[in-house]
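Numbering (the working numbering), first residue to last: 72 to 212.
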Amino acid sequence: MFDIIAVPIDGSDYGFEAADVAIEIAQKFGSKIAAVHVLEEFSLNSYDSEEDSGDEILAKITQKAAEVDVDVVEHLLTADPLRDMKFIVDQTRADLVVIHAHGANNNRFVSFDENNVSDTQIGSVSERLLRTSNVPVLLVK
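Printed below as a string of C-alpha cells:
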C-alpha cells in the first residue's frame with residue numbers, strides 16, 4: 072500500500088514523534104522510510120555544523136528503524152522548507168508523508184493562541200504540505 076513513507080524531520084521532539092509513527096506504519100506495511108532533513112538556506116551557524124547536526128538527526132531515525140528491520144534512505148538537503156517541501160517530497164517518490172503538526176520553529180504558525188503551542192495550531196510547513204501534496208499526508212499531533 073505504501074512503498075515509501077516520507078518523514079520531514081527538523082530535529083525537534085515533535086519531528087521524532089512523527090518519525091516514530093512513520094516507522095510503525097512502515098513496519099506494518101513493509102515500507103521504506105525517506106527521512107528528510109532540510110538545512111536552512113540562510114543560517115547564522117556554519118554549514119559544517121548544520122550538516123553535522125542534520126546527519127545526527129537522520130542517523131537517529133535510521134538507527135531506530137533498523138531495530139525493527141525498516142530500511143531508511145536519508146535525504147539531507149539545503150533548501151527553504153516552507154517553499155520547497157512539496158518538491159522535496161515529490162523527489163522521494165513517497166506514497167505517504169508523515170509530518171508533525173508543528174516543528175522546532177514555533178514562530179511560523181498559521182494561527183496563534185497567546186503565543187503558546189496549542190492543539191489548534193499547525194506549523195506553516197505542515198499546513199502548506201497539507202494544501203499542496205499530491206500524496207496523502209498524515210498529520211501527527
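C-beta atoms are modelled at their ideal positions from N, C-alpha and C, and glycine is treated no differently.
All values derive from a computational prediction rather than experimental measurement.
Contacts around residue i, its chain only, beta-carbon distance under 7 Å, and the 5 residues preceding and following it disregarded
{"i": "N178", "result": "At N178, the pLDDT of 47 sits below 50, so the modelled position is not reliable; the number obtained from the coordinates is stated separately. Hits under 7 Å: none found."}
{"i": "E88", "result": "H171, V211"}
{"i": "D126", "result": "L147"}
{"i": "L129", "result": "A106, H108, E145, L147"}
Outcome for residue i when other beta-carbon atoms lying within 10 angstroms are tallied against a minimum of 16
{"i": "V169", "result": "buried"}
{"i": "A137", "result": "exposed"}
{"i": "P207", "result": "exposed"}
{"i": "E198", "result": "buried"}
{"i": "A93", "result": "buried"}
Limits of the alpha helix (DSSP H) - the one that residue i falls within
{"i": "K99", "result": "84-100"}
{"i": "K157", "result": "152-163"}
9 Å Cβ cutoff met for residue i and residue j
{"i": "K103", "j": "V143", "result": "yes"}
{"i": "L209", "j": "L167", "result": "yes"}
{"i": "A90", "j": "A106", "result": "yes"}
Where the beta strand (DSSP E) containing residue i begins and where it ends
{"i": "I193", "result": "First-last for I193: undefined, no H or E at that position."}
{"i": "K212", "result": "Premise fails: K212 is in no beta strand (DSSP E) and is neither H nor E."}
Spatial neighbours of residue i in its chain, beta-carbon cut-off 6 Å, leaving aside the 5 residues before and after
{"i": "M72", "result": "F100"}
Neighbourhood of residue i by C-beta distance below 8 Å, restricted to the same chain and skipping five residues each side
{"i": "D161", "result": "N205"}
{"i": "T163", "result": "I75, A77, A105, V107, V144, H146"}
Residue closest to residue i, alpha-carbon to alpha-carbon, out of the options
{"i": "V141", "options": "R154, D84, A165, I96", "result": "I96"}
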